[in-house]
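Each remark here refers to the structure printed beneath this line.
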DNA sequence: GTGAAAGCGCTAACAC
DNA sequence: GTGTTAGCGCTTTCAC
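Chains as they are written, first to last, in full-length UniProt numbering: chain D, 1 to 339; chain S, 1 to 339.
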């Protein structure tokens, strides 16, 4: 199984190695006749280009590092999928790193990828602050796009959903369906999703009820917190629980039903992200779908556009519009079926 | 940001490139004094080895390709996580491919990885039969380990859970808790998990009830099928629904409750895999946990052990023992709490 | 124990 | 349009 090299194809087709390279890589114009001969020889010998040699010479590996906090976070798999497809379509390969939600591990993985000469990095930072140093250092070396979460202003290009718009969609929907006593169940901390979604709730809820902006409970982005929050909040009888993500919503929904609450009759529950679990809950969760495919496409576009040494001042933040998905947790099933 | 190379470290430390290489790679014994000087110079200049150059010369990239059917399948993320950690611990990087459940895409991704000179492939085949050709071809070129699913006998080394043992755990548990009229809800097709789990049910169920082996309904590994199966089966009042995976079980459980069934009072429901959803269902699903960490460790071990041109006849299949996780869908909550 | 030299397979200048 | 000539940065003989 000795690998066929350019040299052997050149020998077989009677021209130089450089010409063969040009034909096969399409780098520069080549005579039609020669091209045909070369291609035939390459085909016949079963030539497969050696990407490592190519990378060494051309100083570009065609490889992108994808660094994420925890692949087991249910929102990430679909994002990974879209990114993999978008990048593969451009002939690039994806190196994957899972950071175990730890900034130290994250820094190590970033370093390992840089050592492997990735052309660019796609990164969902573990932490708004504690990831910043490693991210900034990496962004100085290769094009780097932040996804889904921010990492401080001006650190790198970033692509994320428009959290405020998503929250507004939810509030409009609840207002339109007659809810007047909403309550927000969010996450504490500085993560951009947590902060932005809460701020948008506070800004928009006053339209339903002057007191609504103050009804905010903060925990973390987990099912367990959703359950606990339901226990705390239900005695005050809100008519809508607006949760900062689907995990919280799933937990809240489950506990509300255990407490005997009628969902959506007495109380609506909404989530955010539209992870697979959202459609499986009972009743299924009304939620905000992130435009995962567009996020991936936009991230890929930013990566290829930015030259290696681009001006840091030109950093861009792209915000994409989310979509409201109405399901049974906010509206009776017959209404959905009838619409 | 000119990269520091061995040459510069050599110049700075007053010895040859070769010596520097030997010190930094630890390939061969080097004088203690020289080593110290070299290391200091490398440190001071901020030397970072270029993996691409190393790969070209040493013909090993330190890279493993991980090819899977669909990262959005909820069983895979935790497996990917464990594999990434196990491989990173050995200094290897993971190239990820998502095949969209399509054997043609799968073959393309395998080819792309081979072109990138991966040292080895870790592969969860899309299809028992339609993946075989590409897998066999790849296995002839690099060490290749099949994970979770088989791909025909003797095609490659493989690591998977012992499905029969898992099914036996479920049947023993149900028998011990007094169930006597079980029914199996599985998946049609030739996928090894589908076949092995069904066969194990048929072999073991007769101990509970001579007629049980015949009570088998086959669809696919989805929530929707679980719901449909519950509709079909509930009229015959089984006292246990043994599902081939957690998605089926989640669907069946949801529908059974909608039909007014008392779970676990009237009927127990069990799953397989222990995906995150299993713990979130209401009541939480009794299921069989795959030893994900061990699967990953064993796969990594097989990869590093097998020499490139190993004898095809020495192919190994490793089966790892699963673990029963008893939750509320098969046993009343107070029993679990009290145990 | 250390250095000199020869490439790994490919692409990029530079001539013609 | 095509060939010739240099390497990319590293590891690895082969001498000493």
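Glycine included, every Cβ here is placed at the ideal spot set by N, Cα and C.
From a predicted model like this one, the values you see are computed outputs, not experimental measurements.
Is residue 227 of chain S buried or exposed, if buried means 16 or more other CB atoms sit within 10 Å of its CB?
-> Here residue 227 of chain S refers to the residue found at position 227 when the second chain is read from its first residue. The residue in question, residue 227 of chain S, is buried, as its Cβ has 16 or more Cβ neighbours within 10 Å.
Could you give the distance in angstroms between the alpha-carbon of residue 299 of chain S and the alpha-carbon of residue 326 of chain D?
-> As a working mapping, residue 299 of chain S is identified with position 299 in the second chain. As a working mapping, residue 326 of chain D is identified with position 326 in the first chain. Between the alpha carbons of residue 299 of chain S and residue 326 of chain D lies a gap of roughly 43 Å.
Can you list, in chain order, the residues of its chain whose CB lies under 8 Å from that of residue 269 of chain S, leaving out five sequence neighbours each side?
-> As a first step, residue 269 of chain S must be located in the second chain, where it is residue number 269. Correct list, in chain order: 240, 241, 243, 249, 252, 253, 256, 263, 285, 286, 329, 330.
So, using beta-carbon positions, are residue 235 of chain S and residue 267 of chain S closer together than 8 Å?
-> The sequence position of residue 235 of chain S within the second chain is 235, counting from 1. The sequence position of residue 267 of chain S within the second chain is 267, counting from 1. Not a contact, by the Cβ cut-off of 8 Å.
How many whole angstroms separate the CB atoms of residue 187 of chain D and residue 194 of chain D, which I take to be in contact at a CB cut-off of 8 Å?
-> Mapped onto the first chain, residue 187 of chain D falls at position 187. Mapped onto the first chain, residue 194 of chain D falls at position 194. Indeed, because the Cβ distance is near 4 Å, the residues count as touching under 8 Å.
Run down chain D in chain order and give the residues with a C-beta less than 8 Å from the C-beta of residue 69 of chain S.
-> As a working note, residue 69 of chain S is residue 69 in the second chain. Here the premise fails: no neighbours, minimum Cβ distance about 11 Å.
Counting only runs of 3+ residues fully inside the stretch 71-117 of chain S, write out the beta strand (DSSP E) ranges in chain order.
-> Counting only runs of 3 or more, we get 93-98.
Alpha carbon to alpha carbon, what distance is there between residue 33 of chain D and residue 104 of chain S?
-> Start at 1 with the first residue of the second chain, and residue 104 of chain S comes out as number 104. Start at 1 with the first residue of the first chain, and residue 33 of chain D comes out as number 33. If I take the Cα positions, the gap works out to 32 Å.
Measuring alpha carbon to alpha carbon, tell me which of D/164, D/144, D/138, D/224 ends up nearest residue 303 of chain D.
-> Counting from 1 along the first chain, the entry for residue 303 of chain D is found at position 303. Among D/164, D/144, D/138, D/224, the Cα nearest to that of residue 303 of chain D is on D/144.
Cβ shell of residue 259 of chain D (< 6 Å), same chain only, five flanking positions each side left out = Here residue 259 of chain D refers to the residue found at position 259 when the first chain is read from its first residue. Cβ within range, chain order: 234.
Status (buried if at least 16 other CB within 10 Å, exposed otherwise) for residue 19 of chain S = Position 19 of the second chain, counted from the start, is the residue given in the question as residue 19 of chain S. Note on residue 19 of chain S: 16 or more other CB atoms within 10 angstroms of its CB, so buried under the neighbour-count rule.
Please list the residues of the stretch 225-242 of chain S that have a C-beta atom closer than 8 Å to any C-beta atom in chain D, keeping them in chain order.
-> none
Would residue 3 of chain D pass as a contact of residue 293 of chain D if the rule is Cβ separation under 8 Å?
-> Taking the first residue of the first chain as 1, we reach residue 3 of chain D at position 3. Taking the first residue of the first chain as 1, we reach residue 293 of chain D at position 293. Taking 8 Å as the Cβ cut-off, residue 3 of chain D and residue 293 of chain D do not qualify as a contacting pair.
Using a Cβ-Cβ cut-off of 8 Å, state whether residue 290 of chain D counts as contacting chain S.
-> As a working note, residue 290 of chain D is residue 290 in the first chain. By this cut-off, residue 290 of chain D is not an interface position.
Backbone secondary structure at residue 285 of chain S - three-state DSSP | The residue given as residue 285 of chain S occupies position 285 in the second chain. The answer is coil: DSSP assigns residue 285 of chain S none of H, G, I, E or B.
Would you grab the beta carbon distance between residue 278 of chain D and residue 246 of chain D for me? Rounded to a whole angstrom, and I think it's under 8 Å.
-> Looking up residue 278 of chain D in the first chain gives position 278. Looking up residue 246 of chain D in the first chain gives position 246. About 5 Å separates the two Cβ atoms, so the contact holds.
The alpha helix (DSSP H) enclosing residue 43 of chain D, as first and last residue numbers = For the purposes of this step, residue 43 of chain D is taken as the residue at position 43 of the first chain. Counting along the chain, the unbroken alpha helix (DSSP H) around residue 43 of chain D starts and ends at 32-45.
First and last residue of the alpha helix (DSSP H) that includes residue 13 of chain D?
-> Residue numbering aside, residue 13 of chain D sits at position 13 when the first chain is read from its first letter. Where residue 13 of chain D is concerned, the enclosing alpha helix (DSSP H) starts and stops at 6-13.
Give the interface partners of residue 143 of chain D over in chain S, defined as CB-CB distance under 9 Å, in chain order.
-> Taking the first residue of the first chain as 1, we reach residue 143 of chain D at position 143. Residues of chain S passing the Cβ test: none, with the nearest at roughly 13 Å.
In chain order, what residues of the same chain have a beta carbon less than 8 Å from the beta carbon of residue 309 of chain S, not counting five sequence neighbours either side?
-> Taking the first residue of the second chain as 1, we reach residue 309 of chain S at position 309. Low per-residue confidence applies at residue 309 of chain S: pLDDT is 48, beneath 50, and the placement is therefore not dependable, though the value from the model is reported in the following sentence. Take residue 309 of chain S, set aside five residues on each side of it, and no residue of its chain has a beta-carbon closer than 8 Å to its own.
What number of angstroms, rounded off, separates the C-alpha of residue 1 of chain S from the C-alpha of residue 116 of chain D?
-> In the second chain, the residue the question calls residue 1 of chain S occupies position 1. In the first chain, the residue the question calls residue 116 of chain D occupies position 116. At residue 1 of chain S the pLDDT is 49, less than 50, meaning the model places this residue with poor confidence and gives no usable figure here.
Looking only at DSSP bridge pairs, what is residue 319 of chain S linked to?
-> Taking the second chain and counting its residues from 1, one reaches residue 319 of chain S at position 319. Bridge partners of residue 319 of chain S: S/160.
contact_flag[the stretch 81-99 of chain S, the stretch 62-71 of chain S] where n(CB pairs < 8 Å) is 3 or more | yes
C-beta atoms of residue 152 of chain D and residue 128 of chain D nearer than 8 Å = In the first chain, the residue the question calls residue 152 of chain D occupies position 152. In the first chain, the residue the question calls residue 128 of chain D occupies position 128. Taking C-beta atoms as the reference points, residue 152 of chain D and residue 128 of chain D count as a pair closer than 8 Å.
Excluding sequence positions up to five away, which residues of its chain have a Cβ less than 8 Å from the Cβ of residue 135 of chain S?
-> One-based indexing of the second chain puts residue 135 of chain S at position 135. So the qualifying residues of the chain are 110, 123, 125, 144, 146, 151, 155, 156.
Work out the CA separation of residue 160 of chain D and residue 317 of chain D for me, nearest whole Å.
-> Within the first chain, residue 317 of chain D is the residue found at index 317, counting from 1. Within the first chain, residue 160 of chain D is the residue found at index 160, counting from 1. Each residue's Cα considered, the two are about 8 Å apart.
Proximal chain S residues relative to residue 84 of chain D, where beta-carbon distance stays under 8 Å | The count along the first chain starts at 1 and reaches residue 84 of chain D at position 84. The contacting residues are 71, 96, 97, 98.
With 9 Å as the limit, tell me which residues of the stretch 259-280 of chain D have their beta carbon closer than that to any beta carbon of chain S; keep them in chain order.
-> 276, 277, 279, 280
Supposed contact pair residue 322 of chain S and residue 165 of chain S - C-beta distance, whole angstroms, cut 8 Å | To locate residue 165 of chain S, count along the second chain from 1; it is residue 165. To locate residue 322 of chain S, count along the second chain from 1; it is residue 322. Right, their Cβ atoms sit about 6 Å apart.
Taking residue 218 of chain S as the reference, give the member of S/202, S/207, S/184, S/206 with the closest Cα.
-> Numbered from 1 along the second chain, position 218 holds the residue referred to as residue 218 of chain S. Closest by alpha carbon: S/184.
Going by C-alpha distance, which of S/55, S/57, S/17 is nearest residue 41 of chain S?
-> Here residue 41 of chain S refers to the residue found at position 41 when the second chain is read from its first residue. Taking residue 41 of chain S as reference, the option from S/55, S/57, S/17 with the minimal CA-CA separation is S/17.
Are residue 9 of chain D and residue 38 of chain D touching if we call contact CB-CB under 8 Å?
-> Mapped onto the first chain, residue 9 of chain D falls at position 9. Mapped onto the first chain, residue 38 of chain D falls at position 38. Against a cut-off of 8 Å, the Cβ pair of residue 38 of chain D and residue 9 of chain D comes out as a contact.
Report back the beta-carbon spacing between residue 86 of chain S and residue 56 of chain D to the nearest angstrom; my notes put them in contact at under 8 Å.
-> To locate residue 86 of chain S, count along the second chain from 1; it is residue 86. To locate residue 56 of chain D, count along the first chain from 1; it is residue 56. Not a contact, Cβ separation roughly 28 Å.
What are the boundary residues of the beta strand (DSSP E) that includes residue 182 of chain D?
-> Within the first chain, residue 182 of chain D is the residue found at index 182, counting from 1. Start and end: 182-187.
Taking residue 113 of chain D and residue 273 of chain D to be in contact with their CB atoms under 8 Å, please state how far apart those CB atoms are, rounded to whole angstroms.
-> On the first chain, residue 113 of chain D is found 113 positions in, with the first residue counted as 1. On the first chain, residue 273 of chain D is found 273 positions in, with the first residue counted as 1. Wrong, their Cβ atoms sit about 27 Å apart, outside the cutoff.
Using a Cβ cut-off of 8 Å (strictly closer), state whether residue 256 of chain S contacts chain D.
-> The residue you call residue 256 of chain S lines up with position 256 of the second chain. No, residue 256 of chain S lies away from the interface with chain D (no Cβ there is under 8 Å from its Cβ).
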